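Chains as they are written, first to last, in full-length UniProt numbering: chain A, 1 to 447; chain R, 1 to 447; chain F, 1 to 447.
The structure is reproduced here in structure tokens:
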């Protein structure tokens, strides 16, 4: 945790490998260039720790912007302002009004956390902003009053400012099990707003969501494979409520900037969601629209390397969790639709919490202490360090035990030798006295 | 906590202030009269500790009545039998049958707690009765079988007697976070009874509650300002399910008897609820009927001085909580209506628990340990005492440090002086020897 | 806990009593025969510990079968492979396809627990199988695709394999209050599957469950008393989703094999459920079908001797819990029907957890530590042993105190005697000196 410039070397190891392939056994000049390149990469990948430290000395508004950008990226567990910037770019590409609402949400959530004197480190990591951006965005997405309905900013600001309160309250509960709050505050607050006003409201009407009441028409011949493949980036975009595949693609880039492992699991999760949708006879439209993907994306990221150290077992667990999350997603969507509500990210929260509460006997599924969670690559290094430490400790212990055993053996040998010497000496002595006695005897007999 | 007669002097400080205004700088005779008056007030305001102690020696039925009356008032967090008596008067004014059901509920809940050997102090404070009165009252209010349907007393008694069991079970959970159970047992049990029987039941039919399915007609011109103002006391009355503004007024009086701070926050909460209703486009009828007020009343009381020590920050937090509670009230009412259920006081419970789970970095938002909670005025004195104690301890510590520093300085001075004296002495000695040497020298030269 | 052959002697005390009645004061030969009989009974009653120990040395598939059979019986809290076998017989009598699904569910749940390296002792006790059998059975029962729809095995296997994950996660939470997870994993997973697919699904349609929307026709004259009595075994059968009274009868036998107390409470619970149904104006059809019984059966078993040590107070508590559970059952069934879901065993889980969270001041309601729970008869012996130990400890303490008092008295006596002797001695000495002085005096006067 001490070398802020190290993580990225690891974080971008895939790129290294690719370069290595192009020029196996390069010259020293090339090695130097590579080192310089890695050094450069380390400045804007991972959690941009150097940048964050530099920011601490800047003036308040600039730091606030840093926090807001990190907050935007934290939805995907990414603590990186550059990723946040790219994400905002993707949002603007999707819809100006939504992007504005998202920005307002993040801003006011962060301000509220400052007013309530929450932990400064957490605020600086954007942990109080990510619920805000989702609240702002999704309230705009599900509003039935159309874009640029400025009154919406009022409940938006109120709900965003409630985020740190709900976060703090939930953290008081979840911390007992060393669990994060995920996007639960967002889920609670957006559902709260939507169901409090509802579709039939004069001021803040919501889009009409109704439960399914007849068999959907599923004809496999009508399946559009191109759209099906497109649903993978769309699923990633739907994490922020966006259905534009380009926006989804931009989000993938933003993930890759910070952590390739996160990026890979995001794509994998979205694919698992798509497959689950097909398996459970979902209408193709829903699958194309990415509704089966976004929860699985988040669940797969959370389990696959973020809160567990990535091993093969954990990778399999992450895929299982994604499947479970897809199932749960369908279930929750059906239940919520009875109240005119969308599923939000409840399925992700519940499935990820379930899988994080799991306790197993194997060491290969290692849950990181919440305070040590950063990003998959750094987590992995922490896990390896811990393993190595344990190994050396064990080896040390074994060595000591062996030493002690040997010493004991040696001591025994010495003792035995001493004993032998003693015995010999005694024998000699005895022999002497016997001799003397004999001598005396002989003397007396002589006399 | 040691002076049972002190609280009320503080608790009624507003009255004192008023008297002071009438006669600034009164004579000694007047001061004596005032002291006597305060002493008198102290006997029936606050939690009537003197009366409670006196009661301990009375025979069982009288004590049971005391507990039942305190239980009736504990719905508003008031531990005062006189307030309870006034509340029963208000209930009788509203509806005889409801009042009877409320009384039966409180009685059997208290008896059940005695049978289950619950904490005697809690029973004596009415903490096992308040859920009972609400269960009894609201089961009568929401029954569709009409008044004086005597069979209703059967489920009423059963559910009242379940109150201590559910209370105890919930307390086992909530106590882990040092939280009260509020009216959760009432919410659970009344919803249980209502949804178990439902509207279409031959023996215990419930009133029909249906979800909103069309846009309500809201014309601001039709707003009746008189009714809007009246909704403030009605909102307080609705805590007990009463829509009579006079009953609400009587309840305000009962609150004022025990604790003016509680009373002020109750009125404030009801007003916040009314404003929220207008802001969220609620039908005017609901607002007039006090449905937007009662949860906010309870939430505002709970946060504003009851479980937090009252400071300006806490006062603002209480208002925020009331707004949040109104929002939540609308949401929960919409959800519950799908099951034919009223919102009960779920919104209050959930919002107050959320705000009590909040952790902040500021000292000005101080959550009292649950065991120390009495009533706002006494809580405040506890908080001030704690503050003063901390201050004196800090001052003491600082004084000690200063003393030590001074002593160290003095010691250094003494040491320096000693050192100086030593040096001088040495020098003198040296001078002496030098002189002697010189003398010797001179002697030798003289010779 | 040390004598595996003892439990059954107690567990079958009722049979003993019956035999005693037949031949009061039998000969020694008869006594020997009885002892041999009891010894024989002890091998297949209780938790069959001897058999379990013998099994440990057998090859894997046989042990797996043992675990699966124990898992089947653990639904009723019975840890006995013979009971499990009898239960499977009952299931086959009901429906081949359901029995197959139940077997597949138990098997894969147990395998999944092995893969996830869960506690081996818990797996061997069938604690990872009972949710699996319920998941498998009820998914088949509520499937609308008809029997022998082989595709159903796919979600069946997936959901069964999720059981240990959900169990482990819930146990992480419940263990904080030393509570079991009951059948919560089954409830969660079956509801998940049913609501995720729903009635309108092309691949996995569920039976249509709709909320009641009109007054049921209840004519007491139409009450069929024979069917009403039959509803008691049917209610026990409905624990496994079976409506065949013979199947229910077989289940009663399987309970009696392991623990007569469990068996008695199962019948009692089913009867309480039936009475509650009549009291709450349920349609007679539902009561005949056992829908009012199965939750009460489980709740009554759980409270009556399984998790509390059986005393008269606990027996009454178990009956109260059964009534509460019936009420809750009606409520939950009404709520779940809005989502097209059955009540499953949610009512049992919630009511039993509530009653286990109860804390009282009386010693007669003793909740066993979760790790010490086995079966009612053995629990009772544990409780008695504890009581006896406490008693002897108390007596010991009192004896010690008495001894010490006596010794103190004796010591005091000795001290007093010593003191007296001293005083006397002093007096004597004094007398002597006085005499001497007198003598001296007299001497001097003489002179």
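For each residue, glycine too, the CB sits at the ideal point set by N, CA and C. Values in this document were obtained by computation on a predicted structure and should not be read as measured data.
- Note: residue 206(A) is bridge-paired with 143(A) in the DSSP secondary-structure output.
- Contiguous beta strand (DSSP E) elements confined to the stretch 30-69 of chain A do not occur, taking only those with 3 or more residues.
- Given a length threshold of 4 residues, each whole run of the alpha helix (DSSP H) inside the stretch 216-262 of chain F is given here in chain order: 225-237 and 245-258.
- Nearest in C-alpha terms to residue 240(R), of all of 251(R), 302(R), 230(R) and 231(R), is 251(R).
- Using a Cβ-Cβ distance cut-off of 8 angstroms, the stretch 256-274 of chain R and the stretch 222-240 of chain R are in contact, since at least three pairs of beta carbons, one from each stretch, lie closer than that value.
- In the DSSP assignment, residue 346(F) falls within the alpha helix (DSSP H) that extends over 346-357.
- For residue 201(R), at least one C-beta of chain F is nearer than 8 angstroms to its own C-beta.
- Residue nearest to residue 340(R) within the set 332(R), 133(R), 210(R) and 168(R) is 210(R) (criterion: CA-CA distance).
- Where residue 97(A) is concerned, the enclosing alpha helix (DSSP H) starts and stops at 96-115.
- For the options 316(R), 114(R), 238(R) and 173(R), the alpha carbon positioned closest to that of residue 160(R) is the one of 114(R).
- Exposure of residue 425(F) is indicated by the presence of fewer than 16 other C-beta atoms within 10 angstroms of its C-beta.
- Judged by their CB atoms, residue 190(R) and residue 138(R) are nearer to each other than the 8 angstroms cut-off.
- Bounds of the alpha helix (DSSP H) holding residue 313(A) are 312-337.
- Linking residue 360(F) to residue 117(R) through their CA atoms gives a straight-line distance of about 6 angstroms.
- According to the DSSP assignment, residue 162(F) belongs to the alpha helix (DSSP H) that extends over 153-174.
- Your pair residue 71(F) and residue 121(F) does not check out as a contact, with CB atoms roughly 14 angstroms apart and the cut at 8 angstroms.
- The beta carbon of residue 165(R) sits closer than 8 angstroms to some beta carbon of chain F.
- Taking C-alpha positions only, residue 355(A) is separated from residue 260(A) by approximately 22 angstroms.
- Separation of the CB atoms of residue 258(A) and residue 45(A) is rounded to 6 angstroms, and the pair is thereby assigned contact status at 8 angstroms.
- At a cut-off of 8 angstroms between C-beta atoms, residue 339(F) counts as an interface residue with respect to chain A.
- Pairing residue 298(R) with residue 185(R), the inter-Cα distance amounts to about 16 angstroms.
- Nearest to residue 111(F) by alpha-carbon distance, out of 343(F), 132(F) and 351(F), is 132(F).
- Chain-ordered, the chain A residues with CB closer than 9 angstroms to the CB of residue 195(F) read 330, 331, 332, 334 and 335.
- A Cβ of chain R is located within less than 8 angstroms of the beta carbon of residue 214(F).
- At the C-beta level, residue 322(F) and residue 296(F) come within 8 angstroms of one another.
- In the pairwise beta carbon analysis, the stretch 366-377 of chain R is classified as touching the stretch 74-83 of chain R: at least three pairs are separated by under 8 angstroms.
- Taking the CA atoms as reference points, residue 262(F) sits about 12 angstroms from residue 83(F).
- Of all residues in the stretch 315-327 of chain A, only 324 and 327 place a beta-carbon less than 7 angstroms from a beta-carbon of chain F.
- For residue 320(A), the number of other beta carbons within 10 angstroms of its own is at least 16, and it is reported as buried.
- Nearest in C-alpha terms to residue 198(A), of all of 213(R), 196(R), 200(R) and 193(R), is 213(R).
- In terms of Cβ geometry, residue 179(A) and residue 353(A) form a close pair [threshold 8 angstroms].
- Taking 8 angstroms as the CB threshold, residue 140(A) stays off the interface with chain F.
- Within the DSSP bridge table, the entry for residue 308(A) names 367(A) as partners.
- Taking a beta-carbon distance threshold of 8 angstroms, residue 117(R) counts as an interface residue toward chain F.
- The C-beta distance from residue 97(A) to residue 147(A) rounds to 4 angstroms, short enough to meet the 8 angstroms contact threshold.
- At a cut-off of 8 angstroms, the C-beta of residue 173(A) has a neighbouring C-beta in chain R.
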